[in-house]
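Asks:
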Amino acid sequence: MEEDTNETEPPSQGTKQSEEATEAPREEMEAVGAAMDSEASLQSQPSPQPQFSAEPMEVTFDREAPAQAPQDVLPAETSSPPTLLENSNETAATSLPGEIAAKQPSEEEEPRVPEVEDQTLEERASPPTSNKKTQEFPVREAADNQGAGPGPAPEVESLAGAVEGRSLMRTQSVAWREEARSPREVVVSPREPLGSAQAASSTSSGGPGTPARKAEAEVSHEVNVALGGTGPSSEDERTSRETGVKTAQGESGLSKTPTAASSLTPAEGQEESAVSSALPGMTLEETSRPLSAHPLSLSWVFGYNSELPVFNLLDEDYRVILYVSSHTAVIHDVLRNRQYLLQGHTSCISCICVSEDRRWIATADRGPQSMVTVWDGYSAIPVHTIFDSHPEGGVCAIAISHDCKFLATIGAGEVQKVCIWRWTSPETKPICSVEIQPQFGFQNYIAFNSQDHKELVSNSKIQVLFYIWNTDILHYHAPTLTDKSFNKVVGIFSQTIFHFSSTQAITGTMEGKLVVWDAVCPHSKSSAMCLKPYNMKAIKLVHLQRDGITVLAITDKNFVTCDVKGHVKFYDGDLQLLHWYSQFKLGCIRSISFSKKPICPVDTTNFPTSSTLAGLPFVVRNFIISTADALVVHVKTEGTKVSKCLEEPKNAVHAISCHPSKPLMAKGSYCGLLKVWNYKINKYLISRIFKGENIQSLCYDSSGSLLAAGFIDGSVYILDSVSLENDCPEPFRYSSTPITVMSFSPDSQYLATADENISLNLYKQIMVEGKKVWDRLAALHSHYKPIRTILFGVHLDSDEPWLLTLGEDRLLVEYDLEKSVKDELVVIRRDRIEQHAVPRCITWYPPLTTEYFFLTANDQYKMKMYNVTTRLCRKTVVGPAYGSPLEKILVLPVAEGHDPQRRYLAYITKDKVGLQILPIDGNPHKSSAFICHPSGVTNLECSYDGCHLFTTGGDDLTVMKWDINLVALEAATLLGGEDLIPFYNLLEGGREGEFFKELEDYFYYAQLRHQGIDTMEPRKVSTHIPLEQVPFVMRAMGFYPSEEQIEDMLNEVKFSEYLETGMQVTDIDLGDFIKLYVNHRPAFGLSLKEIENAFKVLGYENEDSEVAISRDELLLLLQQRGEHFTEEELAECLTTLLGANPEGGRSELGTYDATGADAFIEEEIPEEITATHFIRDILDLPIPEPRRTETETTKTTNEPEPGSSTLIIKS
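Residue numbers (the working numbering): 5 to 1215.
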């Protein structure tokens, strides 16, 4: 091991640890707990720390020698003299009068003076304080006891209330954010813990009476006060209850007796909160969970984010780990195959941390409205939420202090900000914060000093920063370190941690080196530069190994390093190697997490031997390792037993398919991993790895015996669905671009695939020598834009398969499979089903009527029904509007025992999954959607029984299973009202608004117009108007449909009763007209962006860099393209818009005189027309200011895309 010291430094003295460095972990944690208990008293004492000014201090970089030699690393044989930390016990004992007076020992507890090992030098040097602080603790305790008076919790008073309160955080509805802003207490009945050892005591921090347990109780008490709860009345009561639990459980593991519950009974007249009564593993003890009150509820997550760390929550008998999947944190009991999902984020979680006692979990995201949430890891209840913590770009790194009271976050904006939060207080603003200069690189890691929570360190790939905060000021210092500092290549920084017993810190690099930092004080510098953090400097560069170091950790006063080769190495405080594990054959390690419970072996012969001269057994805690290859393993150090916890895809997951008759789900990823799961029991069954291949799509055939897989390189494999072996000897390689869509015919005789090259390939099963084999029948470029859906069906008059494809070119193409022969795919017809909108998906509409339909969804938030024979659009309704159009739709199978006439539709948008009640009618309350993959959902599948939905997240590497609750969906529909009430609410002002009154006036005026304006006959007032008057009323209300839209509207009404009565409908009443209006009008009005895009397509860029169209070209386009005008119609429209007629145009009974129209148009319209001029001066419409809208909308909100502007056109 090479050591490089700065040449300007004098020879350093050794810092070899004494025997106390290997003392029992229990004593270590007792010392930490004691320091945590004495924190309040220590903070009240005068401190020699500098009083920094509010002005930022200039950062300087000193290369001079320090006044005193820094401590250095010496070989293991060298011993070090006692340090100040070891000789200041007496001083510390006399400097804590307030703490000793405030915390008198109970009768069952021996008096304990907190050890001084975790104190800072400044705290030990401070003189004793006055008795002012001595009186503070009794007053606070009395106030707390007074606040915890008799009476139930203010909000939730039953177990059902607790379930309801917790479900509010589980839902991914976009309305969650508003509900979560008000804090609430959740009360439940106490439940048994996961295990006796984990439940009864803090295994890594001593027994129930230790200071660490007191500190934990203090944090829990602060949390309960913040939540409005009472919590335990005293620490002794808490200790006695936990002792009672331990006694009741004994040594038998999981206890099912009611003793634990009875021993946790709160004081008479009080009701204890779920947080204060929580014990480790209690959430995973729930054998059955209550039915969700939401139509869709997330029940299982397949896959996780391998970029984030995995934590070891419980070990030994119960292996419980914590990891992140998309926007959800997952508590996973590996041995018992259970998951508990921490839901609440609306964006993908970007960072996560866990307190040292595994009690508190903090998660943060990088969404537009970034959020930090602190969870109680025992009860899985969110106890604190910080909204908009870093609005500039979210949070990229987070850490929790060793006393569990403070959080540190780093923003992900262009100018990063570091914030310190006291999360146990109700304050919504950070205690202090500071902005980081961009030249220091993107800081992506932060950590607290375990000895002093006011010291922190962070690093980017190129710079390490040291922080110290005092009251409301956070200072930082960026010490210089380059390759010239030690004449060695330093490398990219990975992680930085503080030394556990000195003022030093160490940083790992991707060159296999450790940078040792220490506080130095050169004589030539000012006294201010001798204070932390400005005196931190790199004093040594230690070359440990050749492989890059990716992770640094501390366990039992040993340093731990992990590298890109999967090696784990242990060093003592002087960086002397103790032991290493290199036999795991893992990839690059992302994280390591040790068991909370220390190892106390009776027999040490099964442990490895340390690499020291003494050769003693190396006893270390069990640990969890996660790798960049999405592999999580558990290492039991006694006997070095390695077991796999998770093995998930390391690359994007887009492919998914469900078995047609069994609870099997196949998923494939870009890393070539194909896995089949039984989703009823959530067990992995079989897998296959296609080395060097990237799976893009999957599809089961109708019998479930075959599984087709499409790859990015265009190859197609047909596999046996049970063994995943090739059903065909060789894959088909007729495409050179990714296979995007696949589908089998209902009789499993055909397989159709579409690729990005707009090519449709058809494969057919044929007989060769008495054996069925697959062969390509034909291929065709039937579309000129990407194919969105391949739709197989059965002909209405035969049992022959029916094939159709829908493309973004707006064409629905039908093929003749019977007449298609080798290398010739016959097309029957091509139908353009949209005029302007782009269709996204198509499916067969269920047989709810005697007529058969296709159901489509387009990018204008419309859903349309087409007759399968005539291709006429028979119905148009506004679809679910949740920030983005529908991307895929599926009709749910009829569940066993359900009414076949009650059908439902599942769909996905850009980031949500939802359900829709059929038949479709435009009622927004018949639809419900939930955030599933904030970074984008790429696929949707449904189980064969219609009970589960599965969504893939693509780059978030996850597949999510959603349980369907149709009763909740029906109940939500009833809350929206019946008949026309939901449609009245879609009108501006509702039923009593001016818009509705204006609509009534136009409706009855249409009757007068139909009967004749100048007639003298008696008027007949009716509730209906003729169909030919519908377009005029629509235009009067500000909706200007095209001629094709008018035809669709009239056909929708005209043939609505044709199959039942054989007659065409000739008139429409007001209620049906309102439905027709709200469903056919643009979902978000006329968009300014649409007009600008039209000018970009048709026009050119002028000298002012504006998109424009010449006047003659515009007039020519209006007369020749699309639904063109006649010359007279165009002249009338333009002269009316430009105000040639003072009355706004001719009267209904008059005629138009086009004399002089040409000269007038040339005079009023410039030769070059821009989009702005066209909107403002010709259409005479206001140009609104661009506004950014949230993509997350509530179920009844219709808003445009982010950043778009909307013109609401009214008459």
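Here a beta-carbon is modelled for each residue, glycine too, at the ideal position from N, C-alpha and C.
Since residue 375 sits in a beta bridge, which residues does DSSP pair it with?
Replies: Answer is 391.
Asks: Hey, how far is the Cα of residue 764 from the Cα of residue 1128?
Replies: Answer to the nearest angstrom: the Cα atoms are 35 angstroms apart.
Asks: Do you know whose CA, among 282, 446 and 1181, lies nearest residue 1140's CA?
Replies: For the residues 282, 446 and 1181, the minimum Cα distance to residue 1140 belongs to 1181.
Asks: Please name the residue or residues paired with residue 834 in a DSSP beta bridge.
Replies: Answer is 817, bridged to residue 834.
Asks: Alpha carbon to alpha carbon, what distance is there between residue 614 and residue 583?
Replies: Between residue 583 and residue 614, the C-alpha separation is close to 5 angstroms.
Asks: With a cut-off of 8 angstroms, do at least 3 Cβ pairs link the region 703-721 to the region 994-1002?
Replies: Segments in contact, no.
Asks: Under three-state DSSP, which class holds residue 1137?
Replies: Reduced to three states, the DSSP call for residue 1137 is helix.
Asks: In the DSSP assignment, find the unbroken beta strand (DSSP E) run with residue 483 in it and report its ends.
Replies: That residue, residue 483, is in no beta strand (DSSP E); it is neither H nor E in DSSP.
Asks: Is the distance from the Cβ of residue 463 to the Cβ of residue 511 below 8 angstroms?
Replies: The answer is yes: Cβ separation under 8 angstroms.
Asks: Starting from the C-beta of residue 627, find all residues in its chain whose C-beta is less than 6 angstroms away, skip the five residues before and the five after it, and write them out in chain order.
Replies: Correct list, in chain order: 596, 598 and 639.
Asks: Would you report the Cα separation of residue 333 and residue 673, rounded to the nearest angstrom?
Replies: Their Cα atoms are separated by approximately 22 angstroms.
Asks: For residue 795 and residue 825, what's the separation of their Cα atoms in angstroms?
Replies: Each residue's alpha carbon lies about 20 angstroms from the other.
Asks: What does a CB cutoff of less than 6 angstroms around residue 793 pick up in its chain, not counting 5 residues either side in sequence?
Replies: Closer than 6 angstroms at Cβ, skipping near neighbours: 810, 845 and 846.
Asks: What would DSSP say about residue 1075, mapped onto helix, strand or coil?
Replies: DSSP places residue 1075 in helix when its eight states are reduced to three.
Asks: If I measure Cβ to Cβ from residue 759 and keep anything under 7 angstroms in the same chain, skipping five residues before and after, which residues do I get?
Replies: Excluding positions up to five away in sequence, the list reads 718, 739, 741, 742, 743 and 744.
Asks: Is residue 726 buried or exposed, if buried means 16 or more other CB atoms sit within 10 Å of its CB?
Replies: So residue 726 ends up on the exposed side.
Asks: Quick one: any contact between the region 297-311 and the region 330-345, if contact means 3 or more CB pairs under 8 angstroms?
Replies: These segments touch.
Asks: Since residue 1038 is in the alpha helix (DSSP H), which residue starts that stretch and which ends it?
Replies: Run containing residue 1038: 1034-1040, per the alpha helix (DSSP H) assignment.
Asks: With a cut-off of 8 angstroms on the beta carbons, I'd call residue 435 and residue 424 a contact; round off their distance for me.
Replies: That belief holds up - the Cβ atoms of residue 435 and residue 424 are roughly 5 angstroms apart, short of 8 angstroms.
Asks: According to DSSP, residue 943 sits in a beta bridge with which residue or residues?
Replies: Answer by DSSP bridge pairing, in chain order: 956.
Asks: Once you ignore the five residues that flank residue 1008 on each side, which residues in its own chain have a CB closer than 8 angstroms to its CB?
Replies: 1025, listed in sequence order.
Asks: Does the Cβ-Cβ distance between residue 327 and residue 961 come in under 8 angstroms?
Replies: No, the Cβ-Cβ distance between residue 327 and residue 961 is not below 8 angstroms.
Asks: Go to residue 674, then tell me how far its beta strand (DSSP E) extends in each direction, as first and last residue.
Replies: Element bounds for residue 674: n/a, residue is neither H nor E.
Asks: When the cut-off is 8 angstroms and only beta carbons count, does residue 759 lie next to chain D?
Replies: You won't find chain D in this structure, because it holds only one protein chain.
Asks: Alpha carbon to alpha carbon, what distance is there between residue 455 and residue 123?
Replies: No answer about residue 123 holds up, because its pLDDT of 39 lies below 50 and its placement is not dependable.
Asks: Taking the alpha carbon of residue 633 as the reference point, which residue from 371, 594 and 415 has its own alpha carbon closest?
Replies: Minimum Cα distance to residue 633 is reached at 594.
Asks: Just mark residue 586 as buried or exposed, buried being the case when its beta carbon has 16 or more other beta carbons within 10 Å.
Replies: Flag for residue 586 reads exposed.
Asks: First and last residue of the beta strand (DSSP E) that includes residue 1097?
Replies: Counting along the chain, residue 1097 falls outside any beta strand (DSSP E), though it belongs to the alpha helix (DSSP H) covering 1092-1102.
Asks: Secondary structure at residue 442, three-state DSSP: helix, strand or coil?
Replies: DSSP places residue 442 in helix when its eight states are reduced to three.
Asks: Tell me the rounded alpha-carbon separation between residue 832 and residue 802.
Replies: Roughly 17 angstroms separates the two Cα atoms.
Asks: Is it the case that the region 351-358 contacts the region 657-667, given that we only count it when at least three CB pairs across the two stretches are under 8 angstroms?
Replies: At 8 angstroms Cβ cutoff, the stretches do not touch.
Asks: So, is residue 1304 buried or exposed, given that buried needs 16 or more other C-beta atoms within 10 angstroms?
Replies: Nothing can be reported for residue 1304: it is not among the residues displayed for the chain, which extend from 5 to 1215.
Asks: Between the C-alpha atoms of residue 648 and residue 688, what's the straight-line distance to the nearest angstrom?
Replies: Approximately 13 angstroms, taken between the alpha carbons.
Asks: Name the residue from 560, 1171, 748 and 369 whose alpha carbon lies nearest to the alpha carbon of residue 707.
Replies: Of the candidates 560, 1171, 748 and 369, the one whose C-alpha sits nearest the C-alpha of residue 707 is 748.
Asks: Using a Cβ-Cβ cutoff of less than 7 angstroms, which residues in the same chain neighbour residue 1138 once the five nearest sequence positions on both sides are dropped?
Replies: If we look at residue 1138 and ignore the five residues flanking it on each side, its Cβ neighbours are 1165.
Asks: Closest to residue 1051 by C-alpha separation, out of 1035, 361, 657 and 1039, would be which residue?
Replies: Nearest of 1035, 361, 657 and 1039 to residue 1051, Cα basis: 1035.
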